[in-house]
Amino acid sequence: MSDVIKINDIDSSDCQRFDKWPFSQDFCVTCGLCSSTCPVSGIDNFDPRKLVRMISLGLEEQLVESRWPWICTMCAKCEKVCPMGIDIASLIRGVRSLRDRDKVPGILHKGLTAAMKTGNNLGLPQDDFVFIIEDVAEEIAEEPGFEGFTAPIDKKGANLLTTIHNKLVNTHTEDLKYWWRIFHAAQEDWTVPSDNWEGTNWGLFTGDDEAMKIMTGRIVENMEKLEIKTLLWPE
Ligand code: SF4
Ligand code: SF4
Numbered sequence: 185m186s187d188v189i190k191i192n193d194i195d196s197s198d199c200q201r202f203d204k205w206p207f208s209q210d211f212c213v214t215c216g217l218c219s220s221t222c223p224v225s226g227i228d229n230f231d232p233r234k235l236v237r238m239i240s241l242g243l244e245e246q247l248v249e250s251r252w253p254w255i256c257t258m259c260a261k262c263e264k265v266c267p268m269g270i271d272i273a274s275l276i277r278g279v280r281s282l283r284d285r286d287k288v289p290g291i292l293h294k295g296l297t298a299a300m301k302t303g304n305n306l307g308l309p310q311d312d313f314v315f316i317i318e319d320v321a322e323e324i325a326e327e328p329g330f331e332g333f334t335a336p337i338d339k340k341g342a343n344l345l346t347t348i349h350n351k352l353v354n355t356h357t358e359d360l361k362y363w364w365r366i367f368h369a370a371q372e373d374w375t376v377p378s379d380n381w382e383g384t385n386w387g388l389f390t391g392d393d394e395a396m397k398i399m400t401g402r403i404v405e406n407m408e409k410l411e412i413k414t415l416l417w418p419e
């Protein structure tokens, strides 16, 4: 813990600092269930129980500057076991939101900046995206039982629109095939948008509400534009 809070940090505590947050951090009974269930507890001394206590004490500067809030995976296991119903992951997201945006850890900051500009975290141009989608579809079409398979792009009036995780058009294109084979077997009427196809919302993970709304809004716009009522958002 010494890398996060110094002995004299307690002088800067202000127990009312986070009173306006809609969480019940002060109800923590320090039972430690959150720490026990957390998959990253112990990494760089990270401990959700201590983090909750620091929020309760109002140790804002120490928390915002520390690496702890960024070690959390946002899995929310801790919330499931907390007997006091404290929204620990949401609390941590709240701490993340207090960090200056240019100090958000590198890959998240760069990915979100790219997504705001281009619609996806990779900054992949639309032509390249369409090329990859069509290329993977052609590979499936060569498999027995999938003759003539195509990946419908921007299909108006389809039954289902699916978003895509950026790694599926980068390093894990094979994983696209599992989804698409299921669609084919189920005779699903599906489509993928050629623009703003990114399903990964790093506005959520970085505590950037505005970016989160923009990215979510783009998905809604795609659904309205293509007149589709059902969304598959496999994130
Ligand atoms: S949400 Fe964060 S603190 Fe809670 S269990 Fe998951 S990794 Fe740990
Ligand atoms: S599980 Fe809840 S009550 Fe128990 S230590 Fe963690 S935050 Fe506090």
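Numbered per this note's numbering, the sequence shown spans residues 185 to 419. Beta carbons are placed, not taken as given, at the ideal position from N, Cα and C, and that holds for glycine.
When the five nearest sequence neighbours on each side are left out, the beta carbons in the same chain lying within less than 6 Å of the beta carbon of residue 260 are those of 273, in order along the chain.
If one requires a minimum length of 4 residues, the alpha helix (DSSP H) runs lying completely within the region 326 to 374 are 357 to 369, in chain order. Between the C-alpha atoms of residue 337 and residue 358 there is a straight-line separation of about 18 Å.
Annotation for residue 361 indicates a beta carbon at 7 Å or more from all heavy atoms of ligand 1.
DSSP, reduced to helix, strand and coil, places residue 292 within a helical segment of the structure shown. A straight line joining the alpha-carbon of residue 389 with that of residue 327 spans about 38 Å. In the structure shown, residue 404 falls within a helical segment according to DSSP collapsed to helix, strand and coil.
Taking a 10 Å sphere around the C-beta of residue 360, we find 16 or more other C-beta atoms and assign the residue as buried. The beta carbon of residue 281 lies closer than 6 Å to those of 391 in the same chain, with the five residues before and after it left out. Proximity of the beta carbon of residue 258 to ligand 1 is indicated: a heavy atom of the ligand is located closer than 7 Å. Relative to ligand 2, the beta carbon of residue 268 is positioned inside 7 Å of a heavy atom.
Across the set 213, 251 and 245, the C-alpha of 213 shows the shortest separation from the C-alpha of residue 233. Each of 365, 227, 222 and 340 was checked against the Cα of residue 414, and the nearest Cα belongs to 340. The straight-line gap separating the alpha-carbon atoms of residue 410 and residue 342 is approximately 8 Å. A distance below 7 Å between beta-carbons, with the five flanking residues on each side excluded, links residue 400 to the following residues of its chain, in chain order: 385. For residue 416, the three-state secondary structure derived from DSSP is strand. Under the DSSP assignment, residue 219 falls in the alpha helix (DSSP H) whose first and last residues are 217 to 221.
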